[in-house]
Amino acid sequence: MFMDTFSSRVDPRGTTVLATDGGRAVIPCLAKLRVESRNDSAVLVRWFRGGDNSTEPFYSLDARSRRGGLSKGHHTRGEAWKGRSFFSVLQEPPSLKVNRVDYADRGTYVCDLLYASGRRYSATVALAVFGKPRFLTTWQNNLGGAANVSSVVEEDDVHRTFLRIEPLRRHHWGLNATCTASILDGLFSKSLSVHVLIHLPPASTVITASHTELYFEEPAEFVCTSRGSRPAAEIRWFLGSSPVEPLLYRTTTDGNVTTSFVLVTPTKDRNGERLKCVAFNKSLRGSELSSETLLEIKYKPQVTLEFGAGLKESSIYEGHDIFFVCNASAYPSITDVVWKLNGVPLEQQHELHRLQPQQSTNTSSSPSTARGPLIVNQRYLVLRNVQSSDSGNYSCTVTNPEGVTTSKTLQIRIQHSPRCQNPQQQHHAKVVYTAPFEEVTLSCDVEADPSTNLTFRWSMKESHRASIATASVAPGDAMLREAAFARDFDGMARAFASRSVLTFVPLPEELHSTFQCWAKNPVGIQKKPCLFRLVPKETPSHVRECQLLNKTLTSLLIECQRRSDDHHTFVMELHDASSNLLVRRVTSPTPRFQLSELHPTTYYTILVYTTNGVETSRTLNISISSTEAAMAKTYEKEGTLSNLNLGAIVGPVAGSIAILAAAVCIACFCKKHHRRKEKPVVEETPATSQAEKSEMFSIPLGTQTKVDCKGDDIGSAVEVVAHYNHDISEKLPLQCYGSVL
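In this text, residue positions in the sequence shown follow full-length UniProt numbering: the first is 1, and each later residue adds one.
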């Protein structure tokens, strides 16, 4: 709807302003308020009526006494111009605006300007006032197309024109409809525009992520973009059912696109949840439009290990069953679970049995007959009928494509009654060699858990008695007199943390007695005692049939035969042959000695004998150079010598670089024989010295000769071989002493 009032305009034919009666006139001041070239500004503007002899202006704007220029100046109006006139300096050109124009306002108007420099300037404009002409009304819009237009003329000369658009569509948003009314063939016109804004719901909502893959505790940015809402959409975020505060909102200048940003730190608890953004127009009910994305958060396994329900850590005994649960979560899925004991996979320590899903898992702590670990569905570990060897730190290691995680360890302490530290001693008595009236000390060592406050019990069974006498001892008992052993002798037993020591002096008839030792702890008494058997000492048997093996320039192996009932200790002494100084002494339960770090150019004497702790056997003397031993091995490789064996007694063989010729001195009848096997010469030192006899033998070059040594108590042979070297022949003695068998 428009009133029939129009803004005035300047007649293009001259400096005349056209206005209608009762309308509005805009009279321009055709001068510049500021002259940049002169750096000069107007400080006083006065308006006069042309043809009026009055020297006083009907309108003035004075800024001479004020800072800020004319925009801060003082406006002064004549009585007839108050309330309907205003001089605007902000538009170009500056103009005097007059409302409610009357026919009396026709005439000439003079705009007089005074500049700060003192310069003056005047401009004249004419104002013409007309009556009320006939209107011409038109509609235009920026979308084109036909419009449904209707006009109504009312009695009060108010003209109404209507433009109808129905139905409204989304594309009508932003429609500009302009109504133009004109008179005098368009000389005067006025236009009004209508901007059509429609409330529209969001047309689309989309979530995008800054990362194609999400990882545990690595923040990721998500963007929700909504388009088409008018006015701009509001966006809310939800993670599952929980609201999430956005980091930032951003809306385009036209309001068509709204973007919201949110930062999410993925956790394993959020894996599989949905992140949703909801865009809506708060001016329209039911305008919500949402988009969501599934959070697939990749993380390496997170693992906890715990005991099965009902298990008391402080009350685990041998024979019980133990149940572990390995709780693990991971994404992607778990590919492997490894159970470990003390950091070593159980599969390397035990045979594992895997139960099928339909098999039940017995988590009872009662004893079972099965033995060994069981794994059920990778998450469970059941230890059946546990023993003390199952004690330790258990863990489970879980793997998925993102990594490997090992749980914290759970320590298992399996308590048990005492048992012999050496399990063999529960079935086979430890032999203790002794002699009548020689003090004997028996040490009963046990292992137990708990190992504190153990009590011990000893028993003795003599070979000629049927009854067993016992006596007990506990920690803190300094001494126990063994009067309970069916005879009165001074004995003493002491108890330590995991050991009891019995000391006594046996009589001749007690040299074949058997002792038993039991220990007891809070779990129970020892099931099988530790056994000891007294055996009379025997004179040590001498060493026999020694061989030199694995010979090199710096090492060799000595191996001798032993009797099956020989329980003595074997001793090897290595002496420097030139100085007779002891280089090394080795004891062994078997007649086998490995010598290393020998000097190639040194001659050694090796003594081998046995001892029972009191007496020693006759000594076997072996004289050898490591260089000769190595050469013998070289000949063996070349086929000259084979199977170098000391047979009975092996001694020094001289001549590593000379032609070997032997002169043999023998304490018995000697006889020559040819043989294809060479043995180094060996000396044995007898318990008593024996007479020596000698006989010279000439051995041809390149031949092997067997020399039989015969005496009162021996029968053995020594082989020697003659080798060619630099056409030099040499005679060396070969000696055979005493008994060797």
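Glycine included, each C-beta is placed from N, C-alpha and C at the ideal position.
Predicted, not measured: the structure shown is a model, and the values here were computed from it.
V431 to V523 span [Cα, whole Å]: Position 431 of the sequence shown, counted from the first residue, corresponds to residue 431. Position 523 of the sequence shown, counted from the first residue, corresponds to residue 523. For V431 and V523, the distance between alpha carbons rounds to 30 Å.
If contacts are defined as beta-carbon pairs under 8 Å, then residue 753 and R227 qualify, I think. What distance do you get, rounded to the angstrom? Because the chain spans 1 through 741 in this model, residue 753 falls outside it and cannot be assessed.
By the 10 Å Cβ neighbour count, where 16 or more other Cβ atoms means buried, how is V158 classified, buried or exposed? Sequence index remark: in the sequence shown, residue 158 carries index 158 (1-based). Per the 10 Å Cβ criterion, exposed.
So, does the region 219 to 233 touch the region 308 to 321, judging by three or more C-beta pairs under 8 Å? no
Who are the near neighbours of Y215 in its chain, counting only those whose CB is closer than 6 Å to its CB and skipping five residues on each side? Residue mapping note: residue 215 aligns to position 215 of the sequence shown, counting from 1. Contacts found: K298.
Do you know offhand how far L18's Cα is from F130's? For the purposes of this step, residue 18 is taken as the residue at position 18 of the sequence shown. For the purposes of this step, residue 130 is taken as the residue at position 130 of the sequence shown. Approximately 8 Å, taken between the alpha carbons.
I think V262 touches L247, with their Cβ atoms under 8 Å apart; what is that distance to the nearest whole Å? To locate residue 262, count along the sequence shown from 1; it is residue 262. To locate residue 247, count along the sequence shown from 1; it is residue 247. About 6 Å; that satisfies the 8 Å criterion.
Hey, P301 and T441 are a contact pair by Cβ (cut 8 Å); roughly how many whole angstroms apart? If you number the sequence shown from 1, residue 301 lands on position 301. If you number the sequence shown from 1, residue 441 lands on position 441. Not a contact, Cβ separation roughly 57 Å.
Taking all protein chains shown into account, do 16 or more other C-beta atoms lie within 10 angstroms of the C-beta of F87, making it buried, or fewer, making it exposed? Reading the sequence shown from its first residue, position 87 is the one you call residue 87. Classification for F87: buried.
Between L502 and N422, what straight-line distance do the alpha-carbon atoms span, to the nearest angstrom? Locating residue 502 in the sequence shown gives position 502, where the first residue counts as 1. Locating residue 422 in the sequence shown gives position 422, where the first residue counts as 1. Each residue's Cα considered, the two are about 18 Å apart.
Strand pairing of H74, partner residues [DSSP]: Taking the sequence shown and counting its residues from 1, one reaches residue 74 at position 74. Looking at the DSSP assignment, H74 forms a beta bridge with D62.
Terminal residues of the continuous beta strand (DSSP E) containing E559? Indexing the sequence shown from 1 puts residue 559 at position 559. From DSSP, the beta strand (DSSP E) with E559 extends over L556 to Q561.
Nearest-angstrom Cα separation, counted from S596 out to G436: Working through the sequence shown from its first residue, we reach residue 436 at position 436. Working through the sequence shown from its first residue, we reach residue 596 at position 596. What sits at residue 436 in the sequence shown is Pro, not Gly. Cα to Cα, P436 sits roughly 42 Å from S596.
Determine the closest residue to S555 out of L136, P508, L598 and K520, with distance taken between C-alpha atoms. As a position in the sequence shown, residue 555 is number 555, starting the count at 1. Per the Cα distances, L598.
When G319, V45 and G255 are compared against G118, the one with the closest alpha-carbon: Reading the sequence shown from its first residue, position 118 is the one you call residue 118. Comparing Cα positions, the closest option is V45.
Label K282 either buried or exposed according to how many other C-beta atoms from any shown protein chain fall within 10 Å of its C-beta, with 16 as the threshold for buried. Position 282 of the sequence shown holds residue 282. Looking at its Cβ environment, which holds fewer than 16 other Cβ atoms inside 10 Å, K282 is exposed.
Pull up the DSSP beta-bridge partners for K276, would you. Looking up residue 276 in the sequence shown gives position 276. Its beta-bridge partners are F238 and E292.
At what residue ranges does the region 503 to 582 contain a whole run of the beta strand (DSSP E), taking only runs of 3 or more? 514 to 521, 530 to 536, 544 to 549, 556 to 561 and 569 to 576
How big is the Cα-Cα spacing for G14 and H172? Along the sequence shown, one-based indexing puts residue 14 at 14. Along the sequence shown, one-based indexing puts residue 172 at 172. Low confidence applies to G14: its pLDDT is 48, below 50, so where it sits in the model is not reliable enough to give any reading.
Identify whether R67 lies in helix, strand or coil by the three-state DSSP scheme. Along the sequence shown, one-based indexing puts residue 67 at 67. R67: coil per DSSP, three-state reduction.
Can C179 and L168 be called in contact, C-beta distance under 8 Å? Position 179 of the sequence shown, counting from 1, holds the residue named residue 179. Position 168 of the sequence shown, counting from 1, holds the residue named residue 168. No, the pair does not count as a contact, with Cβ atoms beyond the cut-off.
Span separating the alpha-carbon of T16 from that of H74: For the purposes of this step, residue 16 is taken as residue 16 along the sequence shown, with counting starting at 1. For the purposes of this step, residue 74 is taken as residue 74 along the sequence shown, with counting starting at 1. Taking the straight line from one Cα to the other gives about 28 Å.
Rounded to whole angstroms, what's the CA-CA distance from R66 to V43? Just pull it up for me. Position 66 of the sequence shown, counted from the start, is the residue given in the question as residue 66. Position 43 of the sequence shown, counted from the start, is the residue given in the question as residue 43. For R66 and V43, the distance between alpha carbons rounds to 9 Å.
To the nearest angstrom, how far is the alpha carbon of H320 from that of T409? Your numbering for residue 320 matches position 320 in the sequence shown. Your numbering for residue 409 matches position 409 in the sequence shown. Approximately 20 Å, taken between the alpha carbons.
Integer-rounded CB distance, given that S451 should sit under 8 Å from H416: Your numbering for residue 416 matches position 416 in the sequence shown. Your numbering for residue 451 matches position 451 in the sequence shown. Not really, about 10 Å apart at Cβ, beyond 8 Å.
Mind checking which residues open and close the beta strand (DSSP E) that includes P28? Here residue 28 is taken as the residue at index 28 of the sequence shown, counted from 1. Per DSSP, P28 belongs to the beta strand (DSSP E) from A25 to P28.
Going straight from the alpha carbon of Q378 to that of R270, what length do you get? Counting from one through the sequence shown, the residue named residue 378 turns up at place 378. Counting from one through the sequence shown, the residue named residue 270 turns up at place 270. Straight-line Cα distance between these residues: approximately 25 Å.
Buried or exposed by the 16-neighbour rule on C-beta atoms within 10 Å, applied to R106: Your numbering for residue 106 matches position 106 in the sequence shown. Exposed, because fewer than 16 other Cβ atoms sit within 10 Å of the Cβ of R106.
Can you tell me whether DSSP reads T685 as helix, strand or coil? Counted from its first residue, the sequence shown places residue 685 at position 685. For T685, the pLDDT reaches just 38, beneath the cut-off of 50, and the residue's location in the model is therefore unreliable, leaving the point undetermined.
Which residue from T399, I334, D102 and L30 puts its Cα closest to that of V125? As a position in the sequence shown, residue 125 is number 125, starting the count at 1. It is L30 whose Cα lies nearest to the Cα of V125.
Neighbourhood of P508 by C-beta distance below 7 Å, restricted to the same chain and skipping five residues each side: Against the sequence shown, residue 508 aligns to sequence position 508. P436, listed in sequence order.
Classify S54 as buried or exposed, calling it buried when 16 or more other Cβ atoms lie within 10 Å of its own Cβ. The residue labelled residue 54 in the question sits at position 54 within the sequence shown. Classification for S54: exposed.
Express the C-alpha separation of V571 and G613 in angstroms, rounding to a whole number. By one-based count along the sequence shown, residue 613 stands at place 613. By one-based count along the sequence shown, residue 571 stands at place 571. If you take the alpha carbons of G613 and V571, they lie about 11 Å apart.
Measuring only the C-alpha atoms, how far is P367 from V398? The count along the sequence shown starts at 1 and reaches residue 367 at position 367. The count along the sequence shown starts at 1 and reaches residue 398 at position 398. Reliability of the predicted coordinates at P367 is poor, the pLDDT of 42 falling under 50, and no value is obtained from them.
From what residue to what residue does the beta strand (DSSP E) around E447 run? Within the sequence shown, the letter at position 447 stands for residue 447. That run of the beta strand (DSSP E) goes V440 to D449.
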